[in-house]
Each structure stands twice: as C-alpha cells, then as structure tokens.
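The numbers in the working numbering rise by one with no breaks, and the one at position 235 of the sequence shown is 470. Here a beta-carbon is modelled for each residue, glycine too, at the ideal position from N, C-alpha and C. No experiment lies behind these values; they were computed from the predicted model shown. Since the structure comes first, as structure tokens, the remarks are kept for the end.
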Amino acid sequence: MNKVKPINLSLVVVLLTITFSLNGQTTSVEIKSSADAPVISKHIYGHFAEHLGRCIYGGLYVGEDSKIPNKDGVRQDIIDALIELKIPNLRWPGGCFADTYHWKDGVGPKEDRPSMVNKWWGNVVEDNSFGTHDFLNLCEVLDAEPYLAANVGSSTVQEFTEYIQYVTREEGVPMSDYRIENGRKEPWNVKFWGVGNEMWGCGGHMRPEHYADIYRQYATFMTDWSNSDDFYRIASGANVDDYNWTEVLMREIPKNLIEGVALHSYSFVEWNDKGSAKDFTEEQYFSTMKTALRMDELIRNHTAIMDKYDPNKRVDLIVDEWGGWYQVEEGTNPGFLYQQNTMRDAMIAGTTLNIFNNHSDRVKMANLAQTVNVLQAVILTQDEKMLLTPTYHVMRMYNVHQDAKLLPVEFTSPLYVHNGEALPALSVSASEDNSGNKHFSLVNIDAKKEHEIELNVDGLKLKNAVAQILTSKRVQDHNTFDNPEKVKPIEFKDFKLKNGKLTLTLPPFSVVVVEAK
Ligand code: AHR
Numbered sequence: 236m237n238k239v240k241p242i243n244l245s246l247v248v249v250l251l252t253i254t255f256s257l258n259g260q261t262t263s264v265e266i267k268s269s270a271d272a273p274v275i276s277k278h279i280y281g282h283f284a285e286h287l288g289r290c291i292y293g294g295l296y297v298g299e300d301s302k303i304p305n306k307d308g309v310r311q312d313i314i315d316a317l318i319e320l321k322i323p324n325l326r327w328p329g330g331c332f333a334d335t336y337h338w339k340d341g342v343g344p345k346e347d348r349p350s351m352v353n354k355w356w357g358n359v360v361e362d363n364s365f366g367t368h369d370f371l372n373l374c375e376v377l378d379a380e381p382y383l384a385a386n387v388g389s390s391t392v393q394e395f396t397e398y399i400q401y402v403t404r405e406e407g408v409p410m411s412d413y414r415i416e417n418g419r420k421e422p423w424n425v426k427f428w429g430v431g432n433e434m435w436g437c438g439g440h441m442r443p444e445h446y447a448d449i450y451r452q453y454a455t456f457m458t459d460w461s462n463s464d465d466f467y468r469i470a471s472g473a474n475v476d477d478y479n480w481t482e483v484l485m486r487e488i489p490k491n492l493i494e495g496v497a498l499h500s501y502s503f504v505e506w507n508d509k510g511s512a513k514d515f516t517e518e519q520y521f522s523t524m525k526t527a528l529r530m531d532e533l534i535r536n537h538t539a540i541m542d543k544y545d546p547n548k549r550v551d552l553i554v555d556e557w558g559g560w561y562q563v564e565e566g567t568n569p570g571f572l573y574q575q576n577t578m579r580d581a582m583i584a585g586t587t588l589n590i591f592n593n594h595s596d597r598v599k600m601a602n603l604a605q606t607v608n609v610l611q612a613v614i615l616t617q618d619e620k621m622l623l624t625p626t627y628h629v630m631r632m633y634n635v636h637q638d639a640k641l642l643p644v645e646f647t648s649p650l651y652v653h654n655g656e657a658l659p660a661l662s663v664s665a666s667e668d669n670s671g672n673k674h675f676s677l678v679n680i681d682a683k684k685e686h687e688i689e690l691n692v693d694g695l696k697l698k699n700a701v702a703q704i705l706t707s708k709r710v711q712d713h714n715t716f717d718n719p720e721k722v723k724p725i726e727f728k729d730f731k732l733k734n735g736k737l738t739l740t741l742p743p744f745s746v747v748v749v750e751a752k
C-alpha cells in the first residue's frame, strides 16, 4: 500500500528520456529497429485477483449453483472476456490477503472447509469455497500462467514447501497423494511463486535485512541445489521509491536463489484524499497522471540499483501491483475497494504499458490491480450484468505487443500544461511481432489539446496500416450497466502512410494502436 508521496515534477521531467518540444508543432518519432532490442514479455500484461471485496466472490466466482452461466462456478462471460484479452498470467490469492492465507483451508470438500476472517479487507468471513483447485483449474481454462503469492508473514517453511509439493509433485509423497485424493491426478504447472507480499507492510512490517534472511530461508527449501524444478521465485519488493529495500535485497540475496524482485506503485490524486473515481476535476486528473508517469522514474532508479548487483540482468523487475486507486463508490463497503473506471484510467493504462514495453529489458512481468470489481478493474459486475471498462479496452488493444520484439523509440514530447505545471503529453511504444507486423501504441494524455505526431517508419518498409482509437467526449466518461458500450474502441482512419512517414493527430485523452505491414 502506498504512503503519501509528494511528487517532484522536475524529477519526473528530467528522468524521462524524452525532451519537450514547443506546443503546436508536429512531434517526430524515430523508430529504432535494433537487433539487440529485447522481446516484450507477454507477462507484462498480467493481472491480479485477490480475495478482496467482490473480486473473487460475487465477481469471478458465483458458485456452480448460480443462475449466471458458469464453468465450475466461475462466470462464463468473464472467462470469455479474459480469453479475448489474452491474459498471460494471474496472480492470486493476494495482496495482503496472501500472508493470512493457509492453503489447506481451501482444499478438500467445500462443506468441510473452515472459515476465516479476512482481516485486511472489510473483516468479512471468508468461507474458503474458492481455493487452490478452483484457481489453478481456472488458469488452465484461461490458458494463463498461475502466479501463486504464498504466505510467508503468518506461515512456516513447512507449510510453504508442502504447498509446493501439493501443487507440483506428481505422486508418491503425502502432499501429492492428498491432491489426488482431492480429485486432481496430474500436478499443475506452476512456475511463478511469490515469497510473501509487501513484507515491509501487511506482510509483517519487516526491515529489508530481516526479510532478506527470511527470503533466503524460504527460497532454499523451495527446490534443490540447481532449482531443477525451474521455479521462478519472486521476492516481495519495494513500495514505490523505497530504493533501500531493493538495494538490500539485491545485495543480500544470492543470485541462485532469486529470479524476480517486485515493485508496487499505484496512481492517485493524493494518498490521503483520493477523490472520486468518476467525478474529478482537471486538477485531480493532472495529479493522477503525474503519479502514473512517475513509473518511468521508479523503474529507472530501481533498475540502476539492480544493474549494480546484477549487470547481466539475471534478476527481473516484476511490477506485480499497479493501477489507479480512488475513493470507493458511494454506498459501497470501504474495505472492498470498488471503484468506477473512466478515460482517466485508460490514460494510466496506456502510458504505464508503454513505459513497461520501453523497459522490457528489465521489466518481465506486471500485474494490474485488480481483475474484477476492485481498484482499476478490467471488468465490473452487478448481479448477472457485466461490463468491460476503458482499461479493458486498452489492455486488449495493446495485447499485440505480447512477446513481440521491442522497436525502441526516440522523440521530443510536447507538454501538457495545467496551472503552471507540465507533463509530457505523448507516450509511445512500438514492436514487431513474429509475423513481421509492426504495432505502434500512442497516447495523448492532454485533457485539452490534440497533438500531431509523425512516425519516421522509413526503414520498416510499411505498405499499409489499420488503426483503432479509444477516446470519448469527457475524460470522466465511463461505462455503466445501463450503457456498457459508451466507451469502446472504434476504427481510426484519420492517418497517412506516405514517403516513409506515418502521420496522425491524436485527440485529447486518446489511445491509438496502429498495426502496419
Ligand atoms: O491491491 C490492494 C492491496 O494493495 C494489496 O492487497 C496490497 O498488496 C497492496 O497494498
């Protein structure tokens, strides 16, 4: 969870690689095709589903007896939407919930499962009816890789290692036999394991030195000397700009015990005065975008520390919680973090994903918080109704970048100026997929002005292009259960591809994705 962090705009501006041009001019973007550019890991487009509010219960999971069409209790409409999104991985069961979760409570006959109190999220009773089998089977249906965030804060090494054996061991040991007894013959393929969550906060308020030792102990017992199970172990990472946390972990954890180190950073107006998710001023919009764009500075600074201890980039940076965080919708449980999702969230998603793409040499996974009905959700539900948010549409438009080769970009952004402060208005990333298709994702966060952009694509020998745009009349626009398609992408034809240049004008607060061959 973020603490209050005043943002220093000069840092935001200085630390972006781009510089700024005069407004009103065409922005020229150079596309640098490079043989050693990284591949954009599909896992950057990952999601996160916690036992929090209506994310699992009353969201994803309605139970097998529900009138709502479902597969083993999970809503079919949500399954279809997530498959369409090409969701590459799903993190579960938390979040803060993870360090209170005892996995054995969530396996075996549902009627025999004990209840617990979900102490972080509304103090509600958790009946454990959605457990490990439900989650891992869902991942198989979605063709998404599971990312299990395991309990370290209130667990033991034994409980943790038994969980690994239960899930991944074929047969012949008590835990694998217990799984088989519970109805699952084959083990699941779980590669990604989180070793605790926010250990500096809800995971135990630990100091980094203490957690580094705890991490070493847990990671040691997860596998054998050579990690022949090929587990991908992710250490609970820093809160926003807690660079000392990353420094200590990178210094103290031997590189043969760790594959990824996490980072959490949310976007908001003010941490202590978050404001409405859908009725906000331009001032509040500007402040939110300032915190969103700060992701670039955070990745650069955490990466610089990682580079010091790991110059060959063996350990990845995993931004396993990001997204917008506002006041909950009026009349809803404050512990359930249910919020609407507007074009502002589309701007957060578009710019953040561009930042991740452009840092894909070190950022190998990210998880938007959270999938359904919580924080910057891609899906909202109300009884049998379901809607796709503007954020969903951005994630779907951008899924063309998954596992594509980055085409690095260089440009000078015009400014989005508000009340004497300025932010870069434009954000761009580009990639080439295995079939040779090139994709350009372009965002204009300026709430008032359109900006013309010219991509120099001369070297790419492009012959034709198609594009989609997501925008709306007001930046506060969002989808409702009565009008679920108010904000949705449409075809965008207003561009020119001529003489090695792709030219278009981005309307205020818009996202455009161009596909060119
Ligand atoms: O995503 C909501 C909460 O934010 C998570 O449980 C926790 O890890 C973070 O503080």
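- When DSSP states are grouped into helix, strand and coil, residue 470 belongs to the strand group.
- Taking 8 Å as the cut-off, the beta carbon of residue 653 is found no closer than this to the beta carbon of residue 513.
- Selection 745, 737, 748 evaluated against residue 263 yields 737 as nearest (Cα-Cα).
- Under the three-state reduction of DSSP output, residue 382 falls in the strand class.
- Shown here, residue 600 sits in a strand according to DSSP, grouped into three states.
- Counting only runs of 4 or more residues that sit fully inside the segment 589-668, the alpha helix (DSSP H) segments are 625-633, in chain order.
- DSSP places residue 317 in the helix class (H, G or I) of the three-state scheme.
- Here residue 733 is exposed, its C-beta having fewer than 16 other C-beta atoms within 10 Å.
- Around the beta-carbon of residue 291, 16 or more other beta-carbon atoms lie within 10 Å, marking it buried.
- Ranked by Cα distance from residue 589, the first of 663, 304, 693 is 663.
- Residue 361 carries a strand assignment under DSSP once its states are collapsed to helix, strand and coil.
- When C-alpha distances from residue 380 are compared across 386, 372, 387, the shortest belongs to 372.
- A distance below 6 Å between beta-carbons, with the five flanking residues on each side excluded, links residue 578 to the following residues of its chain, in chain order: 625, 707, 710, 712, 744.
- One alpha carbon belongs to residue 417, the other to residue 535, and they sit about 46 Å apart.
- Taken in chain order, the unbroken stretches of beta strand (DSSP E) that lie wholly in the segment 272-325 and span 3 residues or more are 281-283.
- For residue 423 and residue 402, the gap between their C-alpha atoms comes out near 6 Å.
- A direct Cα-to-Cα measurement between residue 440 and residue 395 gives close to 20 Å.
- Under the three-state reduction of DSSP output, residue 525 falls in the helix class.
- Check the Cα spacing between residue 661 and each of 644, 508, 694: the tightest is with 644.
- Under the DSSP assignment, residue 428 falls in the beta strand (DSSP E) whose first and last residues are 427-430.
- Here residue 722 has 625, 707, 712, 714 as same chain residues with Cβ atoms under 6 Å from its own Cβ, once five neighbours each way along the sequence are excluded.
- At least 8 Å separates the beta-carbon of residue 636 from that of residue 749.
- Listed in chain order, the non-local C-beta contacts of residue 430 below 7 Å within the same chain comprise 385, 387, 450, 453, 454, 468, 469, 470, 471, local neighbours out to five positions each way being set aside.
- One Cα belongs to residue 366, the other to residue 341, and the distance between them is close to 4 Å.
- At a cut-off of 7 Å, the beta-carbon of residue 361 does not count as near the ligand AHR: no heavy atom of the ligand is closer than that.
- Under the criterion of beta carbons closer than 8 Å, residue 284 and residue 325 qualify as touching, at roughly 6 Å.
- Residue environment: residue 539 is assigned as exposed (fewer than 16 neighbouring CB atoms within 10 Å of its CB, all protein chains considered).
- Across the set 508, 551, 549, the C-alpha of 508 shows the shortest separation from the C-alpha of residue 560.
- A heavy atom of the ligand AHR is found nearer than 7 Å to the CB of residue 332.
- DSSP places residue 505 in the coil class of the three-state scheme, outside both helix and strand.
- For residue 368, the three-state secondary structure derived from DSSP is helix.
- For residue 312, same chain residues with a beta-carbon under 6 Å away, outside a window of 5 residues either side, are 621 in chain order.
- The three-state reading of DSSP puts residue 580 in helix, counting H, G and I together.
- In the displayed model, residue 713 falls within a strand according to three-state DSSP.
- Taken atom to atom, the span from the alpha-carbon of residue 686 to that of residue 528 is near 18 Å.
- Counting the other CB atoms within 10 Å of its CB gives residue 666 a total of 16 or more, which places it among the buried residues.
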